[in-house]
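Working notes, beginning with the structure itself.
Residue numbers (the numbering used here), protein chains in the order written: chain X, 23 to 158; chain U, 18 to 441.
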């Protein structure tokens, strides 16, 4: 199978590989996929008080297209707001990386990972607000 | 195509990339074979079935030499060789041909789950009753154990009075596990059923003797032992018992009526020469392949923690190593070692995202099946290439593990089987 140059570039030079502290209040973690399906993505975001994503990291077990999709996602996430991040669609990833039809599920997984990371961050914030709110 | 790859190589010897280590998919045609077959395109171009002139006689004489050479490789007589277009055709001819002519005896067949699709699918067609003119058949696909072996007691138990044929491969194409041909042949003889073996991967790599092993039908493909593509053979026993086959193709009645069609003279000449070399150089070829394979495998295992060899480590083809690299996905690993030609799963299935059915039937988890690579060495590989590949694979596995969330979890003591995954 021939990979696009952009997939090859992300595969060979993945951006933002690594991990953030999953227990930190300003970090959201999304883990999607399953080993038996051949791909698992972990995507993490670090969000500042204004709701802007200041850092993003990923680790991916999967094919080159899965690695490229998550690498690209972290690039796009950095500097955006959480609301803007929610608007990222898998079709944009497909287009940017010229993914063939058989690899579209990789982009779907990346979108799912973004949403899961945001959901995790928001539920943490929710819990903090509830814990911090004075009872009256 | 011929760039020199020295970066990071563990050896000072020059290695030319890309390196071919996919000899179970196909082999390079041996230059001696090419030299032998070339004159049969433009000089001795006759039709081997032309009886009236020297062009035909020359072609026929060359075919008969090739027939003797091919027969000698598996210990049969030349008259028992039916040339085909390859193993796929030979397997189809054996299975469908026997099914049709022995329909009066019964409609039950025994095979196993790790056979090549060229055996499984003809049997499934018989089972479904989708072959014109052939009533439905019953098929028993025996399971295999963790190493890829069938249980011989289970084989015995599966054979019934209406069983016509047992088809079990000589060696598996993905993991290399060898079936005990002599023991299977004995069981089949005792029970009066025919024994077909797909020896596509085994020919030239393990000793094969159809008499000693009690084999009645055997499939060969020239391009797996340094011959040309598009040519193969089916061995059909003539005595004790005489096996009868219905042909797949109707026509001029070539190959004693079993395979009509003008003979592929250059291809068959090449197959004969390839068989001659495989037989004459057998001991040295196999010893060399085994040494290279062991060097590759030991090098990889020494440098990649947790890597596991699939199949039977001992009772196995000498040139093949199927290794799983847990927490690293096979396709991404192959992408990372793009200057090395290997297979993830079987070459026939690597277009699909399903993990290999052979590895799954060993009871390997999907994640291990997804992480497997088949290295298959050949006559033209060198030690320097092996060392280069060990180095490249080890570095890439380390890089991809650093990128793998599964590896990270395992390092943190997470039991992956307890994680609730989101299946998509």
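Where is the CB? At the ideal position from N, CA and C, for every residue including glycine.
Everything numeric in this text was worked out from a predicted model, so none of it was measured.
Option in X:143, X:43, X:36 and X:62 with minimal Cα separation from residue 107 of chain X:
The candidate whose alpha carbon is nearest that of residue 107 of chain X is X:143.
Contacts of residue 382 of chain U in chain X (Cβ-Cβ under 8 angstroms)
57 and 58
For a cutoff of 9 angstroms on Cβ pairs, would you count residue 63 of chain X as touching chain U?
yes
Quick one, are the C-beta atoms of residue 82 of chain X and residue 93 of chain X less than 9 angstroms apart?
For residue 82 of chain X and residue 93 of chain X, yes; Cβs fall inside 9 angstroms.
Does the beta carbon of residue 297 of chain U come closer than 9 angstroms to any beta carbon on chain X?
no
May I ask which residues mark the beginning and end of the alpha helix (DSSP H) holding residue 385 of chain U?
383 to 386
Closest Cβ-Cβ distance between residue 330 of chain U and chain X: below 9 angstroms?
By the rule that beta-carbons nearer than 9 angstroms mark a contact, residue 330 of chain U does not touch chain X.
Contact between the region 252 to 267 of chain U and the region 67 to 83 of chain U is defined here as three or more beta-carbon pairs at a separation below 8 angstroms; is this criterion met?
As far as the Cβ criterion goes, the region 252 to 267 of chain U does not touch the region 67 to 83 of chain U, which means the pair count is below three.
Would you grab the beta carbon distance between residue 177 of chain U and residue 154 of chain U for me? Rounded to a whole angstrom, and I think it's under 8 angstroms.
About 12 angstroms separates the beta carbon of residue 177 of chain U from that of residue 154 of chain U, a gap too long to meet the 8 angstroms contact definition.
9 angstroms Cβ cut-off: residues of chain X touching residue 318 of chain U
By Cβ distance, chain X contributes nothing, its closest Cβ being about 21 angstroms from residue 318 of chain U, past 9 angstroms.
Considering Cα atoms alone, identify which of U:296, U:209, U:341 and U:71 is closest to residue 260 of chain U.
U:209
Hey, could you find the ends of the beta strand (DSSP E) residue 206 of chain U is sitting in?
Note, residue 206 of chain U: premise wrong, no beta strand (DSSP E); alpha helix (DSSP H) at 198 to 208.
What are the boundary residues of the beta strand (DSSP E) that residue 391 of chain U is part of?
389 to 393
Closer than 8 angstroms, Cβ to Cβ, to anything on chain X: give me those residues from the region 326 to 351 of chain U, in chain order.
344, 345, 346, 348 and 349
Use the C-beta contact count for residue 62 of chain U: other C-beta atoms within 10 angstroms, 16 or more gives buried, fewer gives exposed.
exposed
With 16 other Cβ atoms within 10 Å as the buried cut-off, status of residue 345 of chain U:
Answer is buried; the Cβ neighbour count reaches 16.
Is residue 212 of chain U buried or exposed, if buried means 16 or more other CB atoms sit within 10 Å of its CB?
buried
Kindly indicate which residue of U:200, U:242 and U:355 has the alpha-carbon position closest to the one of residue 87 of chain U.
Checking every option, the nearest Cα to that of residue 87 of chain U belongs to U:242.
Could you check whether the region 99 to 114 of chain U touches the region 267 to 286 of chain U, counting it as contact only if at least three pairs of C-beta atoms, one from each stretch, sit closer than 8 angstroms?
yes
Rounded to whole angstroms, what is the Cα-Cα separation between residue 27 of chain X and residue 36 of chain X?
13 angstroms
Out of U:262, U:323 and U:403, which one is the CA nearest neighbour of residue 120 of chain U?
U:262
Note down, in chain order, every chain U residue with its Cβ under 7 angstroms from the Cβ of residue 84 of chain X.
346 and 349
Within-9 angstroms CB hit, residue 48 of chain U to chain X:
no
Based on the DSSP output, what are the partners of residue 53 of chain X in its beta bridges?
X:64
Going by DSSP in three states, residue 79 of chain X sits in which element: helix, strand or coil?
strand
Given residue 422 of chain U, which residues of its chain have a CB within under 7 angstroms of its CB, disregarding the five upstream and five downstream residues?
none
For the region 371 to 404 of chain U, list every residue whose C-beta sits within 8 angstroms of some C-beta in chain X, in sequence order.
372, 382, 383, 384 and 387
Would you say residue 21 of chain U faces chain X, with C-beta separation under 9 angstroms as the test?
Because residue 21 of chain U sits at a pLDDT of 49, beneath the cut-off of 50, its placement in the model cannot be relied upon, and the point is left open.
Reference residue 85 of chain X, options X:152, X:117 and X:131, closest by Cα
X:131
What did DSSP end up calling residue 436 of chain U once you bin it into helix, strand or coil?
coil
According to DSSP, residue 154 of chain X sits in a beta bridge with which residue or residues?
Bridge partners of residue 154 of chain X: none, in fact.
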